[in-house]
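Novice:
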Amino acid sequence: MTKRYGAIEAGGTKFVCAVSDENLNVLKRIKIPTTIPAETMNEVFKFFEENPCDAIGIGSFGPIDVNRNSDTYGYITTTPKEGWANYDFLGEMKKRFDVPYAWTTDVNVAAYGELKRGAAKGLDSCVYLTVGTGVGGGGVVNGKLLEGFGHPEMGHMIMRRHPDDKYEGHCPYHKDCLEGLTAGPAVEARHHGVKAYEIPKDDHDWEIEAYYLAQACMDLTVVLSPEMIIFGGGVSKQEQLFPMMRESFKKQMNGYLKTPDLNKYIVHCALGDDAGITGCLLLAQEEAEKANK
Ligand code: ADP
Ligand code: ZN
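Okay, so the sequence shown: first residue is 2 according to the numbering used here, each after it adds one.
#1: If you draw a straight line from the C-alpha of D107 to the C-alpha of A211, how long is it?
#2: From G12 to P164, what does the alpha carbon distance come to, in whole angstroms?
#3: Pairing CB atoms from the segment 119 to 130 with CB atoms from the segment 222 to 234, are three or more of them under 8 Å?
#4: For the putative contact between H157 and L179, defined by C-beta atoms under 8 Å, what is the C-beta separation to the nearest angstrom?
#5: Hey, quick one: how far does the alpha helix (DSSP H) through F232 stretch, first residue to last?
#6: In three-state terms, what does DSSP make of E1?
#7: Can you tell me where the alpha helix (DSSP H) with A187 in it begins and where it stops?
#8: Leaving out the 5 sequence neighbours to the left and right, which residues in its chain are closer than 6 Å to I159 when beta-carbon positions are compared?
#9: For C218, report the span of its beta strand (DSSP E) as first-last.
#10: DSSP state of G156, grouped into three classes?
#11: Taking its Cβ as the centre, do 16 or more other Cβ atoms sit within 10 Å of A86, making it buried, or is it exposed?
#12: Relative to the C-alpha of M88, which candidate in V100, P64, A103, R69 has its C-alpha closest?
#13: Taking all protein chains shown into account, decide if N255 is buried (16 or more other Cβ within 10 angstroms of its Cβ) or exposed.
#14: Look at the alpha carbon of S71 and the alpha carbon of P201, and state the distance between them as a whole number of angstroms.
#15: Does the beta-carbon of Y129, which I'm using as the reference point, lie nearer than 6 Å to any heavy atom of the ligand ADP?
#16: Report the three-state DSSP secondary structure of G139 (helix, strand or coil).
#17: Which residues does DSSP pair with A103 in a beta bridge?
#18: Where P244 and Y266 are concerned, what is the direct C-alpha to C-alpha distance, given to the nearest angstrom?
#19: Taking 8 Å as the threshold, find out whether the segment 16 to 31 comes into contact with the segment 278 to 286 through three or more Cβ pairs.
#20: Under a three-way DSSP split, which group does E29 fall into?
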């Protein structure tokens, strides 16, 4: 029997489930809107009943519990999303499908996908930052997912303010953290409600956006020294941000560290919407191989 691997990219807006053959070619993929667990997860269960897998990789929105020694390992923890706080995601999956699982964040799986098959192919480390409805960051260091007592929450780095920025920030916990200042809703609030993709590309607000994102790159560089910083998410589709971020990064670094060529260091994702699913499938394959040893 040939093997089948499963993937769940569980986002705050939508879930994507996929099943692949043993060479990770996707055979089937579905999108499910993220509503309440009773609805969304029923669709997930149905998908894997119809498409049995030998192992499943899950990358979930969070915060989630990734600490194997914790009583709530496998749970989504403190999200404000109705019905999902303290939801035993992994437990509910295991009850129905007794297979090996990989369990980590949506951004860690995207980082893993980009490292193995995308922009950072051939490297040992990278950071993946998504700038969309929120800001999230994941990473791989020495080929391993970046996790400690929990998982990184790079979206909540505290920022030094841009002198021209009057916007107070919208993070309910910190106001002007990275997410509070740079996520899509922040870009739109700063620009008095104009849709982010309708703001002119030469508007000064993009300089402000690039300044904060470059500041995040600066902090990530001095803390982790990754080989590449990869951006995804809706806001990163504004291509003009990339030269601005590199320029601002150079200024903020002020010659302190020699970094890789910035055109190859601060980059847009290569796999686009496939990064997460690719990462989930790779991790599922690894779990299946570990279980067979
Ligand atoms: P999610 O984070 O919900 O998975 P996205 O990454 O698409 O989804 O992020 C949605 C946010 O990104 C919205 O705030 C939206 O305004 C913004 N966005 C989407 N597309 C673009 C674009 N082309 N340019 C700028 N902002 C965008
Ligand atoms: Zn915050």
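Note that beta-carbon positions come from the ideal geometry of N, C-alpha and C, so glycine has one too.
Specialist: Reading it off the structure:
#1: For the purposes of this step, residue 107 is taken as residue 106 along the sequence shown, with counting starting at 1. For the purposes of this step, residue 211 is taken as residue 210 along the sequence shown, with counting starting at 1. Per the coordinates, the alpha-carbon of D107 lies some 23 Å from the alpha-carbon of A211.
#2: One-based indexing of the sequence shown puts residue 12 at position 11. One-based indexing of the sequence shown puts residue 164 at position 163. The alpha-carbon atoms of G12 and P164 are separated by roughly 34 Å.
#3: Under the three-pair Cβ rule at 8 Å, the segment 119 to 130 counts as touching the segment 222 to 234.
#4: Your numbering for residue 157 matches position 156 in the sequence shown. Your numbering for residue 179 matches position 178 in the sequence shown. Contact holds; Cβ gap of about 7 Å.
#5: Reading the sequence shown from its first residue, position 231 is the one you call residue 232. For F232, there is no enclosing alpha helix (DSSP H); the residue is part of the beta strand (DSSP E) that begins and ends at 230 to 233.
#6: With the chain covering 2 to 294 only, the question about residue 1 has no answer from this structure.
#7: For the purposes of this step, residue 187 is identified with residue 186 of the sequence shown, where counting begins at 1. Taken as a continuous stretch (DSSP letters only), the alpha helix (DSSP H) holding A187 covers 185 to 191.
#8: In the sequence shown, the residue the question calls residue 159 occupies position 158. So the list reads C178, once near-sequence residues are dropped.
#9: As a first step, residue 218 is located in the sequence shown; it is residue number 217 there, counting from the start. Premise fails: C218 lies in the alpha helix (DSSP H), 205 to 225, not in any beta strand (DSSP E).
#10: The sequence position of residue 156 within the sequence shown is 155, counting from 1. Under the three-state reduction of DSSP output, G156 falls in the helix class.
#11: By one-based count along the sequence shown, residue 86 stands at place 85. It is exposed - the Cβ of A86 has fewer than 16 other Cβ atoms within 10 Å.
#12: Counting from one through the sequence shown, the residue named residue 88 turns up at place 87. Checking the displayed sequence, the identity of residue 88 turns out to be Tyr instead of Met. For the residues V100, P64, A103, R69, the minimum Cα distance to Y88 belongs to P64.
#13: Here residue 255 corresponds to residue number 254 of the sequence shown, with the count starting at 1. Per the 10 Å Cβ criterion, exposed.
#14: Against the sequence shown, residue 71 aligns to sequence position 70. Against the sequence shown, residue 201 aligns to sequence position 200. Their Cα atoms are separated by approximately 48 Å.
#15: On the sequence shown, residue 129 is found 128 positions in, with the first residue counted as 1. For the ligand ADP, not one heavy atom lies less than 6 Å from the Cβ of Y129.
#16: Against the sequence shown, residue 139 aligns to sequence position 138. When secondary structure is reduced to three states using DSSP, G139 falls in the strand class.
#17: Translated into the one-based positions of the sequence shown, residue 103 becomes position 102. DSSP, once it has assigned bridges, lists G58 as partnering A103.
#18: Residue 244 sits at position 243 when you count from the first residue of the sequence shown. Residue 266 sits at position 265 when you count from the first residue of the sequence shown. Computed Cα separation, rounded: 12 Å.
#19: Touching, yes, given that three or more Cβ pairs across the two stretches are closer than 8 Å.
#20: One-based indexing of the sequence shown puts residue 29 at position 28. For the record, residue 29 in the displayed sequence is Lys; it is not Glu. Three-state DSSP puts K29 in a strand.
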